[in-house]
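Residue numbers (the numbering used here): 266 to 421.
So, in structure tokens, the structure goes:
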């Protein structure tokens, strides 16, 4: 599945690709496109954007940018993410649907992966109780000092 094309007279790969490629889009930083991480879904719909030939764009692949679908540098904050923006150019000026669920295999163009993204919040199944074991007397003391009352083998 990993495909490498060698440039004639050279031992360096011209292009390495694991993902599908979007037609009419030239990726300027292939290493960012090959990262296996997928960002946080912003919406489950693509964004229609007018793009021009010759201009370079940075598509947010982490999902944390405030200027979606483009990158604003939020990914640079320590501890947030290892994902980098995908820098690209289009071969023909026009309107393009850029992915906003961040799950596309043809970054940055939408491939309708948003149809498979759950709309449920990530904390939907998080517990509402604080659980502890019998061997945690420190936590037990702190919880009592904070006013929590033991109930059902946990504090509420």
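Each residue gets a CB set at the ideal place from its N, CA and C atoms; glycine is no exception.
Contact under 8 Å by Cβ, residue 353 with residue 314: no
Assigned exposure category for residue 369 - 16 Cβ within 10 Å defines buried: buried
Range of the contiguous beta strand (DSSP E) that encloses residue 323: 322–324
Segment limits, alpha helix (DSSP H) that includes residue 297: 295–298
Bridge partners - residue 359, DSSP secondary structure assignment: 316
Continuous beta strand (DSSP E) stretch holding residue 291: start and end: 290–292
Counterpart residues of residue 352 in DSSP-defined beta bridges: 323
Buried/exposed call for residue 356, threshold 16 Cβ in 10 Å: exposed
Residue burial classification, residue 407 (beta-carbon count within 10 angstroms, cutoff 16): exposed
Between the CA atoms of residue 348 and residue 384 - distance to the nearest angstrom: 22 Å
Counted within 10 angstroms of its Cβ, other Cβ atoms place residue 304 as buried (16 or more) or exposed: buried
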